[in-house]
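These protein sequences, in sequence, are chains A and B.
If you want the working numbering, it's the position in the first sequence, counting the first as 1, plus 9.
If you want the working numbering, it's the position in the second sequence, counting the first as 1, plus 10.
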Amino acid sequence: MRISTNEFFLGTLNDMLAQQSAVSNLNQQIASGQSVVNATDNPSAAATILDTANQIDEISTNANNAQAVSSNMNETLSVLNQVDNLLNQVQSTALQGASATAGSADRLALANSVQGSLQELVQLANTQLSNGQYIFGGSQATNAPFQMTPTGQVVFKGDAGVDQIEIGPSLLVPVAVSGQSVFMQVPDGNGSFAVAASGTNTGTGVAALGGVLNATLVNSEHLANTQFEVSFTAGAGGALNYSIASGKGAPGSASFIASSGTVASGSYNSSSAALSFGGMDITFSGTPAVGDHFMVRTSQTTSAFQALQNVIAALQAPVDGASGTRARADQLIQDALATLNQVHTSVLSAEASLGTSLSEINAVQNQDNAVTTTDQANLASIQSASLPNVMAQFSEGVTALQAAQAAFGKISGLSLFKYI
Amino acid sequence: MGGINQVLDSALSGLLAAQEGMATEANNTSNVNTPGYALEGLNQIETIGTTGPIGGTGTGTSVVSIQRSFDQYVYQEMVQADSVNQAAQVVSSGTSSLSSVFPLASGGAGGLGNIIGSLFAAANTVAQDPANLSNRDAFLSSAQRMVSLFQSVGSQLTTNINTVNGQITQSVAQINNLATQIAQINKDILSNAGPSDSATNSLIDQADQLVQQLGEQVGITISAGASGTMDVYLAGGMALVNGATSYNLSATSGSYNDGTLAVKYSPNGEDLTNRISGGQLGGYLSMRAQYASANDSVGGLAVALASAINGQQTLGLDLNGQLGKALFSVPAPVVYAGIANTGTATVTAAITNPNAFTPGDYILTRIAGGYQALNVQTGQTTPLGAGPTLSLDGMSVNVTGAANVGDTSEIEPTLNAASQIAVTTTDPSAIAAAAPYVATAGVMASGGISNTNVGNVTMTAGAPTLSGSLPAGTVIVPSADFGQQLSVKFTSATTFNVLNSSNVVIASGTYSGVNGAEVAVAYPSPPAPAGEVATLTLSAGTPVTGDSFVLTPGGTGSNGNMVAMASLQTTDLLSGQTLSDAYTKMVTDIGDRGAEATAAGQAAQSVFTRAQSTEQSISGVNLDEEAANLVQLQQAYQANAQVIGTIQSLISSLLTAMHG
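Following this line, the structure appears as structure tokens:
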């Protein structure tokens, strides 16, 4: 084909410009280390890059949440551990008081020490996180949730609002435990039922809480607020008889109505002093006197603070004096210890639920790390320029450009006019 | 038979032809770099010879005309290819600059998608510690950074659109100018009509060059007119140049005063905007549509994000215990009334549900008995009913006043959303992080909550929802009581009352031990969206008369609403997609169009290069060829001169012989 002189120069020039643009593009890839800088570079990679980067961001947000939650949870756990220790201490103090050798004065001293523990427990329940939020206050973050009234009652000023946070797609974990459920919702007695001795008892009988024989029955008694009164009466031939009446109202008082009448009765035998009624059983130690009463009811909600108050009250109860005084005090201590145990259970179950959440968070974090690592590798493989390849292409491009320039130099010197 | 004079005449004609030839070669050589110049050559013929008894002899040569070396078909191919190439280059460089607005480097760091992700990360930080003011501040500054990027992207795209409008004006001016010049040259050629000579050739060369330039501005078709003139038509058949007459285009407002220039055919005012293709003008028009579409899409993201977060704000409580207010302000859809409207209707629009909305413009037309809307992007027409309030793809359109049939309005729903989105507060306590209600078992006593419940029913606060989606039998507390402390009290194992803070019964409901019961507190609306309720659930179980729950507004430590706000990141908000999916789709679409444009640009470039070299192989000047021709002509000249010299010496020897 005939080629015009203009075309001759222009064509070579266009070729060189194209080479230059390719070399410049490769140079940019080398400088930035990235092969895809704009969506135009590679539209199909663009979607993967943005989606992957977005997933990495979302996981990092979740991981950040998980981190914050586990740090809160660990702080909470450490407070609950202190509560644990405190309860153990109170328990051993109460046991000291229950010892047969402890006199009234000793017990008053022990009561004072528990009084100190009570103050400490209120403080622990009002622990603030490093950010100033009260751990056990629910959503009422800025006021101390547990306040002691002048009469020594502890009032819960918080609420049951426990925050949750997302640590994975649609995976919400609670960031705290409800202070109400840990400290204010403790069943008294053995968790199912409780016993109390009448203040006029004169015998040495002390009732120990046994187990639940019929949970359904106990539950319906609970819902119906059924009360039981165990009364000891004189039987034939100096024997001791017992009868158990069930009804409504406070047993032992005028308001008690034995609406369901006597549910069990018999002869009391100190060698087999276990009495079963209403799906529960209790076992007496010592010997009740004729006319002694014991009141049994299903557990009611009390607070950890009240449990300590009960211990204090039990220790303050006199042990010397008229017959039956020590047995009544022993009964009080026994009841208080049983309730203290329920407080312990409540704290332990809060610790367990935190532990479960923490291990769940841990598992999610491990999973997140694995996914992030894979994602980052994917992102790098899509987006990063493969330097050996790019360098090779770059050298090729430079060589070709140099060749084109040299050729242009030669070609431009060709002219017939030089020879005529 | 010829005499000696005839020999002399023959030689002289050769000498003159060689001279003229050399002049042509000299002209070719001197125009080697002149754009539009077509190689010229002599149209040389042998003159008619004489007749004689022993046969005639030749009488020499003569130059009939000077011919341009030119192929109309090849030339037209080149002009077309040039036109396509110009459009492709404009689009290719435009799309690549458009795609750089949405960077991908380092996983899209610093881009809109990334910065929206940062906002949600900041929302999660607030959720981690809702009472913490510095977290709240960080969330607001993150919102501010995001808004700034939206504004900057929006204004960049708006600037691009304005620049393109300016380029369209210039291009139209140039088209008019070129058309006028071509018509003038046509006129000159016509008045100069005669044999093809160098003067005419140079006029035609100029016209060719101008037509090619015109083709670079806009797609044209050419047809050869009389005497080498050229008629030029737009791709649609409208004449730009017809003989000595030119026709103008104009760049003026279209059917709406929306600042978008329409290209019109001046003689009849016809709007050619959607019919023009090719040339830089075609490229500009295509780029303007792409910039506008990108601006709409980015605006769509802004609207969806703002509307979701603003909506969530009104469902939670701020640090002062008040329902939250909008955190973002976004401009409402812009509506332009048709210039030709005859009615008095005013149209306003609002985006009510971004999730059902697809960014793009609509044309609302009054038809007999109602309205219809044309989706400009898809070309789909939807009948809308009689109004005055119309529901259109996630928008609510309101018409006041009377529209006449044929009246139109252009709705640009997200025109200014990106460039004008703003954060409305700097007060960190305005973030509504807290859930509206928290349920706690028990009753209020001595300023605290004392739990004496006997039964095992629990009560938990749920997510706000629309009252329409509540299960049957839900007890709804009227919005007048919203915000106060409420309580729920069982009056039997199957019934309960809801009481206000003064212990007045405001609602009551029935409870099922198997299914529990639902309680909902209606939000005051506004600020909350109509029909929103806060939900609370009584679990299945066995209640005992007197069992109670206290419902208190979420305290400063509550993050219920913030968690919901943070989870908007993974909620479908715009056109049935999450924001990040919508962003990815937008960027990928732009990338796809850009990659296509780059490929098309390269293809058009090489087609043009080939067409140009074909044209140049016919009409271009080759200096080596000129040199060779020159040598040839020089030799012809010398030979003819030699013939004259020989004749002279013949005559001189004849005279010498006669004079002795």
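Just so it is clear, CB atoms sit at the ideal spot from N, CA and C, and this is done for glycine as well.
Computed from a predicted structure; not experimentally measured.
Going by DSSP, name the residue or residues bridged to residue i.
i	result
Gln-622(B)	Beta-bridge pairing links Gln-622(B) to no other residue.
His-231(A)	Answer is none; His-231(A) lacks a bridge partner.
Asp-290(A)	Ser-285(A)
Gln-43(A)	Ser-393(A)
Leu-561(B)	Ala-449(B), Leu-496(B)
Gln-390(B)	Asn-385(B)
Ser-256(B)	Val-251(B)
Glu-420(B)	Tyr-346(B), Ile-373(B)
Pro-196(A)	Thr-310(A)
Ala-272(B)	Thr-262(B)
Phe-241(A)	Tyr-251(A)
Thr-9(B)	Shown here, chain B extends from 11 to 670; a query on residue 9(B) therefore has no answer.
Under a Cβ-count criterion, where at least 16 other Cβ atoms within 10 Å of its own Cβ denotes burial, should residue i be classed as buried or exposed?
i	result
Ser-317(B)	buried
Met-304(A)	buried
Asp-329(A)	exposed
Glu-420(B)	buried
Asn-83(A)	exposed
Ala-621(B)	buried
Asn-81(A)	buried
Arg-298(B)	buried
Ala-359(B)	buried
Gln-652(B)	exposed
His-231(A)	buried
Tyr-83(B)	exposed
Pro-423(B)	buried
Met-10(A)	exposed
Met-11(B)	Reliability fails at Met-11(B), whose pLDDT of 45 lies under 50, so the model's placement of it is uncertain and no value is given.
Asn-320(B)	buried
Asp-281(B)	exposed
Ser-181(B)	buried
Met-668(B)	exposed
With a Cβ-Cβ cutoff of 8 Å, do residue i and residue j count as a contact?
i	j	result
Asp-197(A)	Thr-311(A)	yes
Val-464(B)	Asp-328(B)	no
Leu-117(A)	Gln-105(A)	no
Val-352(A)	Ala-316(A)	yes
Leu-341(A)	Gln-100(A)	no
Gly-212(A)	Ala-336(A)	yes
Gly-118(B)	Ile-391(A)	no
Thr-61(A)	Asn-387(A)	yes
Gly-564(B)	Ser-148(A)	yes
Leu-95(A)	Leu-138(A)	no
Phe-426(A)	Leu-295(B)	no
Phe-241(A)	Gly-300(A)	yes
Pro-183(A)	Ser-366(A)	yes
Ala-245(B)	Gly-288(B)	yes
Thr-375(B)	Ala-412(B)	no
Thr-362(B)	Gly-404(B)	yes
Ala-413(A)	Met-25(A)	yes
Ile-192(B)	Ala-312(B)	no
Lys-274(B)	Ser-260(B)	yes
Rounded C-beta distance between residue i and residue j? I'm assuming under 8 Å.
i	j	result
Gly-264(B)	Asn-63(A)	No, Gly-264(B) and Asn-63(A) are not in contact; Cβ-Cβ is about 39 Å, not under 8 Å.
Ala-216(A)	Phe-293(A)	6 Å
Val-631(B)	Leu-52(B)	That belief does not hold up - the Cβ atoms of Val-631(B) and Leu-52(B) are roughly 15 Å apart, past 8 Å.
Val-467(B)	Leu-548(B)	6 Å
Val-560(B)	Gly-452(B)	6 Å
Gln-189(A)	Gly-167(A)	7 Å
Ala-48(A)	Phe-160(B)	In fact, because the Cβ distance is near 19 Å, the residues do not count as touching under 8 Å.
Tyr-346(B)	Asn-267(B)	6 Å
> Taking only runs of the alpha helix (DSSP H) that begin and end inside the stretch 125-159 of chain A, which ones reach a length of at least 4 residues, in chain order?
Replying inline: With a minimum length of 4 residues, no continuous alpha helix (DSSP H) run stays inside the stretch 125-159 of chain A.
> If you scan the stretch 142-194 of chain B from start to end, which runs of the alpha helix (DSSP H) of 4 or more residues do you find wholly inside it?
Replying inline: none
>> Report the start-end ranges of each alpha helix (DSSP H) in the stretch 198-239 of chain B that is 4 residues or longer and not cut off at the edges.
In response: 208-227
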